[in-house]
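If you number the sequence shown the way this note's numbering does, the last residue is 395 and the count never jumps. For every residue, glycine included, the Cβ atom is placed at its ideal position computed from N, Cα and C. This report concerns only the one structure given below.
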Amino acid sequence: MAAAEAHSAHNYHPLPVVIASGEGAWVTDVEGRRYLDMLAGYSALNFGHGHPRLIAAAKAQLDRVTLTSRAFHHDKFAAFCTALAELCGMEMVLPMNTGAEAVETAVKTARKWGYRVKGVPDGQANIVVAADNFHGRTTTIISFSTDPEARADYGPYTPGFTVVPYGDLAALDAAVDENTVAVLIEPIQGEAGVLVPPPGYLTGVRRLTADRGVLFIADEIQSGLGRTGRTFACEHEDVVPDMYVLGKALGGGVVPVSAVVSSREVLGVFRPGEHGSTFGGNPLACAVGLEVLAMLGTGEYQRRAAQLGDHLHGELRGLLGTGAVTAVRGRGLWAGVDVAPSIGTGREISERLLARGLLVKDTHGSTIRLAPPLVITQADLDWSLTQLREALRG
Ligand SMILES: *Cc1c(COP(=O)(O)O)cnc(C)c1O
């Protein structure tokens, strides 16, 4: 492993496991040991490793055509955009590749809409975001991060963003002015530790943005597409934003696929040449994405996440009394578990779980994040909870 890292930048600190294959919720390392994957590629693997439907869709497309560029039409593009717009109950789709590119696209869209539709004076548009956000790694996006690790040494920073505390409607109200074009938030903050906002927050953001003529952009890259027990986390408060930003699970864990989805009024601001991506909306991405959308269309994965999630959270709440765990948060098959400092750091618990055959990732020092593939069985989920209880015991 040391040799493997000699020629790669040290921008990650992976757990000491070398994965060779995966199937469903399980992976196997180069020595043949099996691990239950409770990170699921930060929700990019909502359908598990190697889902037969997704692999078949990818293989079929590999034999036909993989890349055309958007200079030409291809026969999967319209179908993908139509299906995604339908799933979102919206009108237009702009496909990109990674999540960060989709967030960048959302920022550009909101600014252009602000100048062309809302009438904000040129160069004055601002976007309100939440503290402790995670929206990706590009220079503009880290410009409005509040995490020093993500931000330090990357200036000069892109202006035009105002940061307010997450979950605080009064602060949001005070931050919005006549040049505000959008409020950009995660309906549940994933990287921050699976932070669920106080009840009524999303409804409040919806009302406030509608009243003030500001776009509500929901970054559902991690929370969306089934993870929380609904197609979108915004649905837990019956809220429909003006724009969804999607990624991760949209590519089925096979290829990077992201998109911005919105109304004709908003995404209609682009004219040919004003935005683009060589790989965005390529035939392979659209073929896999179409299969993802067909799978989500059945509601089966959302139901599994809701039912197994209720079970997971019931069991996790039981840990609160033990003193080993100081807080449990989340929705559906997504949980942040804060481990008491006396028990060990998040990294130490992750290493203990690794030794027990469970892959998790810590975040912010003391939080363990649990986000298994939505295809996990209840028996495997229960096994993972047993491992967690034992690891917390030492
Ligand atoms: C992962 C993530 C992103 C960035 O996606 P990449 O594909 O890593 O660029 C943006 N927003 C949220 C909420 C995410 O979880």
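Asked: Taking buried to mean at least 16 other C-beta atoms within 10 Å of its own C-beta, is Glu187 buried or exposed?; Found: buried
Asked: CA-CA distance, Ala126 and Glu105?; Found: 15 Å
Asked: Let me check understanding here. Comparing Cα to Cα, which of Val215, Lys249, Gly23, Val18 lies closest to Leu226?; Found: Lys249
Asked: For Glu292, which residues from the same chain have a beta carbon less than 7 Å from its beta carbon, with the 5 sequence-adjacent residues on both sides left out?; Found: Arg54, Leu55, Ala58, Gly253
Asked: For Ala234, does the three-state DSSP call read helix, strand or coil?; Found: helix
Asked: Within this structure, are the beta carbons of Ile369 and Ser351 separated by less than 8 Å?; Found: yes
Asked: One question on the structure: do Thr364 and Gly230 come within less than 8 Å of each other, judged by their Cβ atoms?; Found: no
Asked: Beta carbon of Ile222: closer than 7 Å to some heavy atom of ligand 1?; Found: yes
Asked: Cα separation between Tyr43 and Ala372?; Found: 7 Å
Asked: Which residue or residues does DSSP assign as beta-bridge partners of Arg330?; Found: Gly337
Asked: Given the structure, does His276 come close to ligand 1, in the sense that its CB is under 7 Å from one of the ligand's heavy atoms?; Found: no
Asked: Tell me, please, whether the region 207-224 touches the region 240-249 by the rule of three or more beta-carbon pairs shorter than 8 Å.; Found: yes
Asked: Alpha carbon to alpha carbon, how far is Ala41 from Ser22? Give it in angstroms, no decimals.; Found: 14 Å
Asked: Do you know how far the Cα of Arg390 is from the Cα of Lys77?; Found: 47 Å
Asked: How is Val94 classed by DSSP in three states: helix, strand or coil?; Found: strand
Asked: Going by the C-beta, is Arg138 closer than 7 Å to any heavy atom of ligand 1?; Found: yes
Asked: Quick one: any contact between the region 165-178 and the region 141-148, if contact means 3 or more CB pairs under 8 Å?; Found: no
Asked: Using the beta-carbon count (16 or more within 10 Å), is Pro17 buried or exposed?; Found: exposed
Asked: Does the beta carbon of Val18 sit closer than 8 Å to a beta carbon anywhere in chain C?; Found: Note that chain C does not occur in the displayed structure, where there is just one protein chain.
Asked: Compare the Cα-Cα distances from Cys89 to each of Ser264, His312, Leu63 and report the closest residue.; Found: Ser264
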